[in-house]
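*Asks:* I am attaching a structure below and will ask some questions about it afterwards.
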Amino acid sequence: MEILSRYPMLTGKATDNKVIAVKRSAWEKVTKEFNSIDGHLIERTTDQLKKLWENKKNEYKKKLVQTKEKIRGTGGGPYSIETINEDPHLELLMDTVDIELQSAKDCDRINEEVMMKPVLDTSVRIIEVGEGDILLDEDETTNQLEYEIVKKTTAEVAEFQAITQSRKRKAEKSTLEKSRGALVQNAMNERKRMMDIEHQWKKEEHNLRMLMLQAKLEAYKAKRMHYEKK
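One gets this note's numbering by counting positions in the sequence shown from 1 and adding 22 to each.
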């Protein structure tokens, strides 16, 4: 555990190719350091050390679950539970692990309970049957959770893009219709203005003709009166 505590990246849940390569290199270094410790009669493989790490994590998480069940079962009162002396380096590696119970029950009434809850960097599936062992399937749960998150995120992005494109098309169509409507309205206004000007010209022309006719009539009357006097 002391060696593992120097490689915190091994507790991460990322699964991309770059992280996998970094973890593989870290595990090789851990194996080399472990086998170089004085006093080891049998060298351990990387797979064996990984299995040991998984067993330690599962034991730690199981103890957390049992502790929380005892607390819930007594309503926060006194309780007793078997304790194990944890390696401080293990506690350092596991300090982000927290397992919450879905509902509060007395421990003598817990028969069968299946829960899955993501917690910070660790997602754990907890299956308890009676008072038997707790089975932890961390990798399967994490992979499924990551897949569901990616799938949901991808769907949400696609939906958001579709909505954005739809709104953009509607906005462009609305803008085009407004521009077209404005052009039509401007043309109608200009036509009306020209018709008003033409009407005004015709009105003024009519008034001018009437004045000219009136002047001719006055001149004719004056001329007639002049001849009559003679």
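Backbone N, C-alpha and C fix where the C-beta goes; we use that ideal spot for every residue, glycine too.
Small disclaimer: the values here were computed from a predicted structure and weren't measured.
Is the segment 66-76 close to the segment 43-50, with three or more CB pairs under 8 Å?
*Replies:* yes
*Asks:* Just to confirm the assignment, what range does the alpha helix (DSSP H) spanning residue 53 have?
*Replies:* 39-57
*Asks:* Which of helix, strand or coil does DSSP assign to residue 178?
*Replies:* helix
*Asks:* Grouping DSSP H, G and I as helix and E and B as strand, with all else coil, what is residue 25?
*Replies:* coil
*Asks:* What does the Cβ neighbour count give for residue 53, buried or exposed, with the cut at 16 atoms within 10 Å?
*Replies:* buried
*Asks:* Considering only C-alpha positions, which residue in the set 222, 176, 26 and 183 is nearest to residue 78?
*Replies:* When each option's Cα is compared against that of residue 78, the closest is 26.
*Asks:* Tell me which residues share the same chain as residue 217 and place their Cβ nearer than 6 Å to its Cβ, disregarding the 5 neighbours each side in the sequence.
*Replies:* none
*Asks:* Going straight from the alpha carbon of residue 204 to that of residue 211, what length do you get?
*Replies:* 10 Å
*Asks:* Once you ignore the five residues that flank residue 57 on each side, which residues in its own chain have a CB closer than 8 Å to its CB?
*Replies:* 65 and 66
*Asks:* If we ignore side chains and look at the alpha-carbon of each, how far apart do residue 250 and residue 241 end up?
*Replies:* 14 Å
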